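Under this note's numbering, the final residue of the sequence shown carries the number 905; numbering is consecutive throughout.
Take a look at the structure set out below.
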Amino acid sequence: MTRVYRSLLTNVCKEMSCYSDFPYNEDYPNFMSQEKFWNYLQEFVEHFGLLKYIQFKTTVCSVTKRPDFSETGQWDVVTETEGKQDRAVFDAVMVCTGRFLNPHLPLESFPGIHKFKGQILHSQDYRTPDAFQGKRVLLIGLGNSGGDIAVELSRIASQVFLSTRTGSWVVSRASDGGYPSNMMSIRRWHSFQTQLLPACFLNWIQERHMNKRFNHEDYGLSITKGKKPKFIVNDELPTCILCGTVTMKTSTKDFTETSAVFEDGTIEANIDVVIFTTGYTFSFPFFEEPLKSFCTKKIFLYKHVFPSNLERATLALIGFIGLKGSILASTELQARWATRVFKGLCRIPPSQKLMAEATKKEQLIKRGVIKDASQDKLDYILYMDELATCIGSKPNIPLLFLTDPRLAWEVFFGPCTSYQYRLVGPGTWDGARNAILTQWNRTMKPLKTRITSNSSKPASMLHYIKAWGAPVLLASLLLFCKSSLFLKLVREKLQDRISPYLLLWFGYVPHNSNIGKLVSSVTTLEDGA
């Protein structure tokens with residue numbers, strides 16, 4: 377019933393990708409098949425009694441503004457159900473068709489592709505590997521789908537070639553300790569560190585960590601110089617490359633009737649099938665111009681949800697984002713915010729101001745003054761917090777440390793799960809606190825299918841206090857003082873009494889001091905180099 381390949385597994389674990397007031401059943405695996413995920417959606421719908429509000433088997437033909445839109449914000453919507461058209465007036469519209477609707481097939485970018493006599497298809501058309509038995513297959517594009525399909529075909533095809541322009545960091549679903557990697561990496565503490573530390577240092581740490589499992593350059597996966605780093609989730613691709621069942625190739629330059637020519641001059645002959653895993657494009661066939669064009673430009677979407685050119689904020693685009701985290705959790709928060717805007721409970725700036733800001737930014741991008749970041753993936757926690765602030769549901773961490781230290785510990789140092797956005801504000805859920813405190817129980821439950829008598833006991837609370845006491849105190853101090861004048865005054869008073877190396881550690885260097893002059897000289901030298 378879906379348009380994805382049958383073997384697909386989720387690449388975000390269950391605790392990080394559930395609705396904020398409906399945790400997965402504890403027996404569900406951490407990463408699941410599409411069937412399990414489909415079951416979860418059905419359970420959610422049944423639990424909240426949503427089926428009676430949904431009209432299935434209905435095509436939306438057109439969505440147009442009514443003549444009195446500037447006063448009412450209403451829309452004329454034409455739908456078709458089993459061959460019969462119907463017209464209705466709606467007070468608000470949410471477009472939730474997502475980012476994976478229309479396949480991007482850039483044939484014009486590959487000279488000679490029309491001469492190629494083999495089979496050509498997009499990854500959206502791929503379901504099972506059976507038809508590729510014994511064939512030589514070329515995949516173009518290294519995203520999550522490209523990695524998954526390459527691995528699956530490597531078990532049955534004669535040879536699989538995977539062509540990429542940029543390369544990619546390959547992340548495993550399991551972290552170094554065996555826990556779901558999403559739960560270990562997406563944490564407020566890590567986000568806090570990221571905002572404090574310089575980008576060059578963070579990139580160096582990241583590169584060292586990613587190459588710890590295997591050297592990406594040796595495997596032909598390293599990021600091309602000058603390209604933005606990207607990540608895919610795949611547990612088996614490095615092994616397939618190591619075993620020779622998948623061969624990495626540079627960008628595809630040209631095609632003949634049976635061969636593919638690559639940028640490095642190499643040629644692979646007797647190619648039977650070319651599969652493009654080149655992503656998708658946005659499409660809104662039910663809109664009229666100019667709204668259709670505006671919706672395809674992210675720069676004209678206020679917080680990636682509301683088109684800037686509408687006099688009334690009664691249209692929301694849900695899920696048209698690239699995010700370093702769960703799309704399910706983020707779309708839920710988008711929808712919570714959008715419905716409050718529709719009701720008039722939350723306000724957004726007037727369209728004239730939004731259009732002026734977006735147009736100015738577009739001009740600056742065209743002139744090269746600023747970079748176009750519209751295609752970059754958003755930081756998960758920063759974006760979620762931004763939306764939650766609009767709603768009034770962002771947790772107050774410093775206050776939480778004072779009122780509920782145990783919960784605050786999990787919220788700040790633990791995984792940033794969606795339950796955190798049900799603790800306060802509109803839409804508060806009474807079960808949010810318990811869901812956060814028991815999230816590791818649900819994570820470990822499906823793994824505990826064989827209990828041995830000598831299983832190691834979990835570390836005691838005393839162990840955690842000893843290990844994390846100092847970082848917690850430091851983090852609390854920074855959270856309270858970073859945005860105030862207090863820390864600045866203290867540092868100025870004590871700068872002559874503290875080792876300059878310690879000042880360097882805290883990121884403070886007096887410019888007129890000897891150490892400040894030294895750092896200034898080194899920085900100048902580095903910039904010149």
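In this text, a Cβ means the ideal position worked out from N, Cα and C, and glycines have one as well.
The model shown is predicted, which means the values in this text are computed figures rather than measured ones.
Status (buried if at least 16 other CB within 10 Å, exposed otherwise) for residue i
i, result
"W414", "exposed"
"E708", "buried"
"W713", "buried"
"L427", "exposed"
"D403", "exposed"
"T779", "exposed"
"P399", "buried"
"H585", "exposed"
"D761", "buried"
"G720", "exposed"
"M392", "buried"
"M820", "exposed"
"H423", "exposed"
"R798", "buried"
"K493", "exposed"
"Q796", "buried"
"Y395", "buried"
"S352", "Because the chain in this structure spans residues 377 to 905, residue 352 falls outside the shown range and cannot be described."
"P482", "exposed"
"T765", "exposed"
"N478", "exposed"
"A749", "exposed"
"N579", "exposed"
"S860", "Only weak support is given to the placement of S860: the predicted model assigns it a pLDDT of 46, under 50, and the value that follows is read from those uncertain coordinates. Burial call: exposed."
"T642", "exposed"
"I746", "exposed"
For residue i, three-class secondary structure by DSSP
i, result
"L385", "strand"
"F486", "coil"
"V513", "strand"
"T654", "coil"
"R463", "strand"
"T440", "strand"
"S534", "coil"
"T473", "coil"
"D403", "coil"
"V745", "coil"
"S727", "helix"
"A550", "strand"
"Y395", "strand"
"E458", "coil"
"H498", "strand"
"D755", "coil"
"S750", "coil"
"R564", "helix"
"V421", "helix"
"N478", "strand"
"T435", "strand"
CB contact check: residue i to chain C, cutoff 7 Å
i, result
"N401", "Among the protein chains of the structure shown there is no chain C, as only one such chain exists."
Residue from the options with nearest C-alpha to residue i
i, options, result
"R531", "G641, N817 and K511", "K511"
"D467", "E583, T715, I617 and L384", "T715"
"P556", "R442, A784, N406 and S702", "N406"
"A705", "T793, N587, S627 and S561", "T793"
"H480", "K736, V547 and F658", "F658"
"V513", "D648, D444, L740 and V547", "D648"
"T473", "C671, R809, A732 and K729", "C671"
"T814", "P802, R782, G803 and T804", "R782"
"Q431", "G449, T455, K736 and S409", "T455"
"S727", "G701, S446, T434 and N591", "S446"
"S383", "I746, R549 and E411", "E411"
"I703", "Y759, F486, A811 and S485", "Y759"
"K700", "E665, I562 and K629", "I562"
"I812", "K736, V787 and T626", "V787"
"L497", "D506, K737, I516 and S485", "I516"
"D594", "Q418, P614 and I581", "P614"
Is it true that the region 647-656 meets the region 494-511, where meeting means three or more beta-carbon pairs spaced less than 8 Å apart? yes
Taking contact to mean at least 3 C-beta pairs separated by less than 8 Å, is the region 509-526 in contact with the region 598-618? yes
Could you name each continuous alpha helix (DSSP H) segment of 4 residues or more that falls completely within the region 599-659, going from the start of the chain to the end? 613-619
Pick out the complete beta strand (DSSP E) segments inside the region 679-718, 3 residues or longer, and give them in chain order. 691-693
Does the pairing of the region 768-787 with the region 679-696 give three or more beta-carbon distances under 8 Å? no
So, does the region 696-706 touch the region 671-683, judging by three or more C-beta pairs under 8 Å? yes
Which runs of the alpha helix (DSSP H), 4 residues or longer, sit entirely within the region 775-842? 781-789, 808-813 and 815-820
Cβ contact check for the region 587-599 and the region 528-548: 3 or more pairs under 8 Å: yes
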